[in-house]
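The numbering of the sequence shown is the working numbering, which starts it at 1322 and goes up by one. Positions of the beta carbon are idealized from the N, C-alpha and C atoms, including for glycine. The model shown is predicted, which means the values in this text are computed figures rather than measured ones. Inspection log for the structure reproduced underneath, given as structure tokens.
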Amino acid sequence: YFHAYNNKGILLCEFGKYQEAIINFNKSLELQPDLVEAILNKADAFKELKNFDEALKCIDTALKIKNLTPEIWAKKGDILHNIKRYDEAIQAYDQAIKLNKNYAEALCNKGFTLFTIERYEESIGVCNKALEIKKIFPEAWVNIAVSYIGLKKYDLALEYCEKALAVSENFIEALNSKGLCLFNLKKYEQANELFDKILKIRRDFPEAMENKANTLYALKEYDEALIFYEAIENKKDYHKVLNNKGLLLHALGHVKDKKYFNLAKDCYDQAIKIKSDFADAYWNKSLTQLTLGEFTEGWKNYEYRFKLESAKPQFIEIPRLESLKNLTNKRVLIWSEQGLGDSIQFSRYIYKLLDLGAKITFDTSKLLMALMSRQFNCVINERGKGLVKNNFDFQIPLLSLPMLFNTNLNSIPFNSSYLKTSKEKDVEWLNKLKLTKQKLNIAITYAGNPDYLADSERSASLEIF
1322 YFHAYNNKGI LLCEFGKYQE AIINFNKSLE LQPDLVEAIL NKADAFKELK
1372 NFDEALKCID TALKIKNLTP EIWAKKGDIL HNIKRYDEAI QAYDQAIKLN
1422 KNYAEALCNK GFTLFTIERY EESIGVCNKA LEIKKIFPEA WVNIAVSYIG
1472 LKKYDLALEY CEKALAVSEN FIEALNSKGL CLFNLKKYEQ ANELFDKILK
1522 IRRDFPEAME NKANTLYALK EYDEALIFYE AIENKKDYHK VLNNKGLLLH
1572 ALGHVKDKKY FNLAKDCYDQ AIKIKSDFAD AYWNKSLTQL TLGEFTEGWK
1622 NYEYRFKLES AKPQFIEIPR LESLKNLTNK RVLIWSEQGL GDSIQFSRYI
1672 YKLLDLGAKI TFDTSKLLMA LMSRQFNCVI NERGKGLVKN NFDFQIPLLS
1722 LPMLFNTNLN SIPFNSSYLK TSKEKDVEWL NKLKLTKQKL NIAITYAGNP
1772 DYLADSERSA SLEIF
């Protein structure tokens, strides 16, 4: 009868009745305790119920009976991956591959785990090994695609998505990855159409819903994007969704009503409550706080920019300037960390440090050296070149100076002569431009750095003029 109970359990699983199935697998195992098939079926049922701890116990029981079965080791890898024990998952896949060097599926799943922990190059290598064994393998192609997305090589990723879709045109993961490629290539309309296609195939697919929300946000379809963010708040990576929803609400604060700024802050706070070290949420919250004039907390949270994944803190070997006391003759390196506009805007704080007696070296873009040399009586250095770190007592990033000076709305430094031009440049441009002395001449900057993530929100096409 043990086979009958096992078979009944399998049938119940097919109808999604996993709890009843487990009861039948248990009855089978009462009669035949070493029936590995029933143990593994029970593990699968627990996995479907997302009870991964019990599933893992079943797998370990099966391995005590059949320790040299690669499929069982691969199942163990799958479960360990689900409970985010990634290093152990890789070890389990390795054991499966050791027992069967041609086990393409185990190689592919190992590749996905390597992708998950951002070991992208290794993931690509492992999946290519799987493809040497199994030439037509859409899952492996998608794993390679998402790894290339992680490496920001979107055109290459797109090629692998197309390979997978050529074999299986409705392969959800391949469609979703292709949509991500298009999104990152700023082909938002095409990406949006693709996410719509996915959601027609599988309506409740959180990844596609989140990606569609992000795409609608990029397209400035804020109201519709908000609907999608709210639909997935409890489905996937809740803290990340809240962060993205906060970004959207911040944007609505600019275009609709200031009340949305406070709603954005609420989202960031909820995200931080879930993940207390979530640097993106702290940093985005700081931008909203600064927009609202909440400078004390805003500048404090703005420091989280150095904990972002993309952060590139510099000169960390030099002590950070943390106090404005006793700065006379102290050698302070101020380094410009962001674009030209912010460097010009925040350079006003250099005057304040010079007034305190500090000996300043300002490390900035080559493009700003001439302008800054006319502004300040200090050393102006081309970014990162020729600096001897032992020559400084302190360092501080330029955009951390407002926090150091406890800046509020009433204490923003202001100098009536904000920028000083070069007489030679004045003559040069007067000769280049057809200016009139009868009217006011106004120059308009219409475009910024195209690589800036939100460039579409600040740059305009020259044609509109």
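Residue i to residue j, Cα distance in whole Å?
i: I1593; j: H1560; result: 7 Å
i: K1577; j: L1569; result: 12 Å
i: Q1610; j: Y1581; result: 12 Å
i: Y1589; j: Y1603; result: 7 Å
i: N1345; j: G1330; result: 5 Å
i: T1434; j: L1352; result: 37 Å
i: C1699; j: Q1716; result: 15 Å
i: E1638; j: K1371; result: 47 Å
i: D1517; j: K1533; result: 8 Å
i: D1544; j: L1477; result: 33 Å
i: Q1340; j: E1542; result: 44 Å
i: G1614; j: S1664; result: 20 Å
i: K1744; j: L1754; result: 15 Å
i: E1358; j: L1350; result: 10 Å
i: A1325; j: G1446; result: 44 Å
i: F1526; j: F1549; result: 11 Å
i: R1779; j: F1786; result: 15 Å
i: N1770; j: K1760; result: 31 Å
i: Y1407; j: L1377; result: 14 Å
i: K1499; j: A1539; result: 17 Å
i: L1720; j: K1338; result: 58 Å
i: A1512; j: G1471; result: 18 Å
Would the beta-carbon of residue i fall within 9 Å of that of residue j?
i: K1586; j: K1606; result: yes
i: C1482; j: F1458; result: no
i: L1645; j: F1726; result: yes
i: T1617; j: H1571; result: no
i: Y1441; j: Y1475; result: no
i: I1414; j: A1427; result: Here residue 1414 turns out to be Tyr, not Ile, going by the sequence shown. Cβ distance < 9 Å, so Y1414 and A1427 count as in contact.
i: K1368; j: N1403; result: yes
i: I1655; j: F1627; result: no
i: I1493; j: A1546; result: no
i: R1641; j: N1736; result: no
i: A1466; j: L1479; result: yes
i: L1692; j: L1674; result: no
i: A1495; j: L1486; result: yes
i: K1405; j: I1380; result: no
i: I1343; j: A1366; result: yes
i: L1783; j: Y1767; result: yes
i: F1504; j: N1464; result: no
Which residue's Cα is closest to the Cα of residue i: the options?
i: K1385; options: I1400, I1360 and E1531; result: I1360
i: E1409; options: G1567, A1512, K1431 and S1737; result: K1431
i: E1510; options: N1347, L1435, L1537 and N1564; result: L1537
i: E1551; options: S1780, A1461, L1563 and E1542; result: L1563
i: Q1416; options: T1649, P1391 and G1705; result: P1391
i: F1323; options: P1354, D1684 and V1700; result: P1354
i: Q1635; options: Y1670, L1708 and K1651; result: L1708
i: S1694; options: L1740, K1473, G1678 and K1508; result: L1740
i: T1382; options: T1437, L1722, A1395 and A1364; result: A1364
i: K1484; options: L1356, P1734, E1460 and G1471; result: E1460
i: E1658; options: Y1623, K1651 and P1718; result: P1718
i: F1667; options: G1398, M1690 and I1733; result: I1733
i: N1421; options: E1439, D1399, W1394 and F1436; result: W1394
i: N1497; options: E1531, L1472 and K1473; result: E1531
i: S1687; options: S1489, E1749 and G1705; result: With the sequence shown as reference, residue 1687 is identified as Lys, and Ser is not the correct amino acid for it. Minimum Cα distance to K1687 is reached at G1705.
i: R1524; options: C1502, I1553 and A1512; result: I1553
i: S1597; options: N1731, Y1625, N1491 and K1419; result: Y1625
Which of helix, strand or coil does DSSP assign to residue i?
i: N1430; result: helix
i: I1655; result: strand
i: R1669; result: coil
i: R1801; result: Coverage of the chain is limited to positions 1322 through 1786, which leaves residue 1801 absent and any answer about it impossible.
i: D1601; result: helix
i: F1627; result: helix
i: Y1424; result: coil
i: D1772; result: coil
i: Y1469; result: helix
i: G1660; result: coil
i: Y1414; result: helix
i: G1337; result: coil
i: D1408; result: helix
i: D1587; result: helix
i: G1574; result: helix
i: T1617; result: helix
i: N1752; result: helix
i: I1765; result: coil
i: I1400; result: helix
Any beta-carbon of chain D closer than 9 Å to the one on residue i?
i: V1653; result: Protein chain content of the structure displayed is limited to a single chain, and chain D is not contained in it.
Only counting runs of 3 or more residues, tell me where the beta strand (DSSP E) segments fall wholly within the segment 1674 to 1728, in order along the chain. 1680 to 1685, 1700 to 1703 and 1715 to 1718
Mind listing, in chain order, the continuous alpha helix (DSSP H) runs of no fewer than 4 residues lying wholly within the segment 1355 to 1387? 1357 to 1369 and 1373 to 1386
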